[in-house]
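Chains as they are written, first to last, in UniProt numbering: chain Y, 1 to 119; chain U, 1 to 119. Reading through the structure tokens given below for one structure.
Protein chains: 2
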Amino acid sequence: MPFHSKFYQKKVQHKRFYCAVDFAFQRIGGKYKGRILWALRDGTLRYGELRRHIEGVTTKMLTQALKEMERDRLISRNVIATKPLHVEYSLTPSGKLLIPFIDLMRVWGEHEINNLHSP
Amino acid sequence: MPFHSKFYQKKVQHKRFYCAVDFAFQRIGGKYKGRILWALRDGTLRYGELRRHIEGVTTKMLTQALKEMERDRLISRNVIATKPLHVEYSLTPSGKLLIPFIDLMRVWGEHEINNLHSP
DNA sequence: CCGTATCCGAATAGATACTG
DNA sequence: CAGTATCTATTCGGATACGG
């Protein structure tokens, strides 16, 4: 049960936030959360599939981000008791609300990347 | 000249990024950049005014964020040679493109804050 | 008024090894 | 397969003092 493991106990408390923008950035900030949300936009992915989508991530950082996002109800975690174990991740309704936003970021990012050497 | 000071030289190189989402989060991630963009949405603010808008920020962090955002062409910096000095900050066209995005974040954040104790 | 500089602790991130 | 644990390196962020 992730909510009781020692591993989980880090960062259970949010820092104080001063406004809604601050709050939102605390929830989807960090190095990988945006990319995780984006990877899950079309449905369900297993842990290992996510790991391959998010190039460069370690198990430690991926697990940590996933636990925080589960706690914050952005994603849900579903264990399938096959052998070996399968674990599926997908967006919650709240998480799905963020997809248009991530998409805006992506479009803006592509635009900026294309203009990097011609400003 | 900020582009030549020792202070500026930190973080001149971006880390490697793997996709546009990653790129975008590197540019507006961090603790204060979202709030700075939001504060400048309606026009120009001076350094001290910004500082009062972004409650809790220190001069170090504000200056650092402003320099990075200037380097990334999200904001522009205008020095007015009065005495004492005035320095005005405003959004560039590229920075203005991010406002709808920040607004989405803010709306989502307010929605989430309201549902924190009734999930 | 608008920053710079320095010190230092906290938080974040990576590498590596190991387990049910 | 899906993590956990540990150790270390790097980065971030706050406090404080000072300067043009």
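Beta carbons are placed, not taken as given, at the ideal position from N, Cα and C, and that holds for glycine.
Other residues of its chain near Y/V57: CB distance less than 7 Å, five sequence neighbours each side excluded:
Along the first sequence, one-based indexing puts residue 57 of chain Y at 57. Once the five neighbours on either side are set aside, the close Cβ partners of Y/V57 are Y32 and R51.
When you compare the CB positions of U/R77 and U/E68, do they come within less than 9 Å of one another, or not?
Here residue 77 of chain U corresponds to residue number 77 of the second sequence, with the count starting at 1. Here residue 68 of chain U corresponds to residue number 68 of the second sequence, with the count starting at 1. No; because the gap between Cβ atoms is not below 9 Å, this pair is not in contact.
Over the uninterrupted alpha helix (DSSP H) stretch that includes Y/K111, give me the two end residues.
Within the first sequence, residue 111 of chain Y is the residue found at index 111, counting from 1. The question names Lys, but residue 111 of chain Y in the sequence shown is His. Run containing Y/H111: I99 to N114, per the alpha helix (DSSP H) assignment.
Just to confirm my understanding: we take U/A39, look at its own chain, exclude 5 residues before and 5 after, and list those with CB closer than 8 Å. What are they?
Working through the second sequence from its first residue, we reach residue 39 of chain U at position 39. Its chain contains L45, L50, H53 and I54 as the residues whose beta carbon lies nearer than 8 Å to that of U/A39, once the 5 sequence neighbours on both sides are disregarded; these appear in chain order.
Identify the contact partners of U/G29 in chain Y, using a Cβ-Cβ distance below 7 Å as the criterion.
As a position in the second sequence, residue 29 of chain U is number 29, starting the count at 1. Near U/G29 (Cβ distances below 7 Å), the residues of chain Y are G29.
Which residues in chain Y have a C-beta closer than 7 Å to the C-beta of U/I102? List them in chain order.
Residue numbering aside, residue 102 of chain U sits at position 102 when the second sequence is read from its first letter. Residues of chain Y passing the Cβ test: V21.
Can you tell me which of the three DSSP states U/V21 falls into?
Sequence index remark: in the second sequence, residue 21 of chain U carries index 21 (1-based). In the structure shown, U/V21 falls within a helical segment according to DSSP collapsed to helix, strand and coil.
Minimum Cβ-Cβ distance from Y/E110 to chain U less than 9 Å:
As a first step, residue 110 of chain Y is located in the first sequence; it is residue number 110 there, counting from the start. So, interface residue.
Using the three-state DSSP reduction, which class does U/L50 fall into: helix, strand or coil?
The count along the second sequence starts at 1 and reaches residue 50 of chain U at position 50. In the structure shown, U/L50 sits in a helix (DSSP, three-state: H, G or I).
Distance check for Y/Q64 and Y/G30, CA to CA, integer angstroms please.
Translated into positions along the first sequence, residue 30 of chain Y becomes position 30. Translated into positions along the first sequence, residue 64 of chain Y becomes position 64. If you draw a straight line from the Cα of Y/G30 to the Cα of Y/Q64, it comes to about 11 Å.
Closer than 9 Å, CB to CB, is Y/R71 near chain U or not?
Walking along the first sequence from the start, residue 71 of chain Y turns up at place 71. It does not: the Cβ of Y/R71 has no partner Cβ on chain U nearer than 9 Å.
Would you say Y/V21 and U/G34 are within 9 Å of each other, going by their C-beta atoms?
Position 21 of the first sequence, counting from 1, holds the residue named residue 21 of chain Y. Position 34 of the second sequence, counting from 1, holds the residue named residue 34 of chain U. Yes. Within cutoff.
As assigned by DSSP and simplified to three states, the class of U/L85
Within the second sequence, the letter at position 85 stands for residue 85 of chain U. Note: U/L85 maps to coil in three-state DSSP.
List the endpoints of the continuous alpha helix (DSSP H) containing U/G35.
Counting from one through the second sequence, the residue named residue 35 of chain U turns up at place 35. It is worth fixing the name first, because residue 35 of chain U is Arg in this sequence and not Gly. Taken as a continuous stretch (DSSP letters only), the alpha helix (DSSP H) holding U/R35 covers K33 to A39.
DSSP state of residue 121 of chain Y mapped onto helix, strand, coil:
Outside the modelled stretch of chain Y, which goes from 1 to 119, sits residue 121 of chain Y, for which no answer is possible.
Looking at U/E73: is its Cβ nearer than 9 Å to the Cβ of Y/C19?
Start at 1 with the first residue of the second sequence, and residue 73 of chain U comes out as number 73. Start at 1 with the first residue of the first sequence, and residue 19 of chain Y comes out as number 19. Strictly speaking, residue 73 of chain U in this sequence is Arg, with Glu absent from that position. Taking 9 Å as the Cβ cut-off, U/R73 and Y/C19 do not qualify as a contacting pair.
Taking only beta-carbon positions, decide if Y/K10 is within less than 9 Å of chain U.
Position 10 of the first sequence, counted from the start, is the residue given in the question as residue 10 of chain Y. In this prediction, Y/K10 has a pLDDT of 36, which is less than 50 and means its spatial position is unreliable; what the coordinates show is noted afterwards. Chain U contact via Cβ: absent.
Under a Cβ-count criterion, where at least 16 other Cβ atoms within 10 Å of its own Cβ denotes burial, should Y/G109 be classed as buried or exposed?
For the purposes of this step, residue 109 of chain Y is taken as residue 109 along the first sequence, with counting starting at 1. Buried: at least 16 other Cβ atoms inside 10 Å.
Is the Cβ-Cβ distance between U/L91 and U/I75 less than 9 Å?
Working through the second sequence from its first residue, we reach residue 91 of chain U at position 91. Working through the second sequence from its first residue, we reach residue 75 of chain U at position 75. Going by C-beta atoms, U/L91 is nearer than 9 Å to U/I75.
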